[in-house]
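Each remark here refers to the structure printed beneath this line.
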Amino acid sequence: MMDLSVDITSAIQEVVEKKPDISWKEAAKSGMNVGRAAMGTMTTTLLLAYSGEYITLMMVFMAQGTPVDHILNYKYVAAEVLDTIAGSFGLVTVAPFTALVGGLFLTVRKEKKLDRNFRQ
């Protein structure tokens, strides 16, 4: 989740630096676009990382003839499945939150700085 947040915030910062008069809504929308793209790859990576831990165990159990519903009820397999779901949920929720907060904070700071320079 931290990598996704950094990616989104860095993208918004770059957009705000290139276009200082951008509104916070436009900046947040740009962050959402970046977040949507990055979230897909990170969710896939997360899925593969967690499933790689228990896929060999599932293959062993299936070779022994254990039914799939029994395999999924084993504590370590169920824990890995829940880790995958919780991690994916975290990624899906952190992307819009980071885009909104980043768009708001990064443009407000630029607006204050532009306003200060204008007054001088």
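Taking my numbering, the leading residue of the sequence shown gets 26, the next gets one more, and so forth. By construction, the Cβ of each residue, glycine as well, lies at the ideal position given by its N, Cα and C atoms. Just so you know, these numbers come straight off a predicted model, no measurement behind them.
| Check | Outcome |
| --- | --- |
| Just the Cα atoms here: how many angstroms apart are residue 53 and residue 123? | 9 Å |
| Using C-beta distances below 8 Å, list every residue in its chain close to residue 72, excluding the 5 sequence neighbours before and after it, in chain order. | 109 and 113 |
| Could you pull the start and end residues of the alpha helix (DSSP H) that residue 43 belongs to? | 27-43 |
| Could you check the C-alpha separation between residue 65 and residue 46 for me, to the nearest Å? | 30 Å |
| In terms of residue numbering, what span does the alpha helix (DSSP H) encompassing residue 79 cover? | 49-88 |
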